[in-house]
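Some notes on the structure that comes next.
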Amino acid sequence: MKYTLKVDGQTFEVEIDDIDRRPVIARVDGQEFEVSPETGAAATPGAAPAAALPTRSNQSGKVLTAPLPGVVLEVFVKPGEKVEAGQVLLVIEAMKMKNSIRSVRDGTVAAVHVTAGQTVAHKQALLEFVE
């Protein structure tokens, strides 16, 4: 099923294949999210096992950007910290769902550009990696 949602003046195309399957896999403007409606929890990007994490051009380089607009709830890393692909770096709340933002690469965090409580826009820089 396809839905069109408007959030903070931005329109998003949402596609859900099987609403009865758990977790629900939702595609928002081409990006996959794993959603557990019973708990309101969501993970992104593509919450398949870490080995199957998709590469995204806006997240595979030096800068990790917000996959959706929302409010940063928690930041789990700081500059100088080593991270692994699939590791949760921060949580963004959007549409009353918590979205775990995971690293798509191994690396070292160079800078964190957001703090808990901050509102972020779609594609806003969240953190940078050392090259």
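Position one of the sequence shown corresponds to residue 3 (the working numbering), numbered consecutively onward.
Quick reminder that beta carbons are idealized off the backbone N, C-alpha and C, glycines included.
Given the structure is predicted, the values throughout are model-derived calculations rather than measurements.
Going by DSSP, L129 is part of the beta strand (DSSP E) stretching over A127 to F131. With respect to the 8 angstroms criterion, R104 and G88 are classified as neighbours on the basis of their beta carbons. Rounded to whole angstroms, E15 and Q33 show a C-alpha spacing of 10 angstroms. Using a Cβ distance threshold of 8 angstroms, A96 and L129 do not count as a contacting pair. One alpha carbon belongs to R29, the other to V132, and they sit about 30 angstroms apart.
Contact between V73 and V79 fails: their C-beta atoms lie close to 18 angstroms from each other, not under 8 angstroms. Bounds of the beta strand (DSSP E) holding M99 are M99 to R104. A distance below 8 angstroms between beta-carbons, with the five flanking residues on each side excluded, links Q120 to the following residues of its chain, in chain order: V73 and V74.
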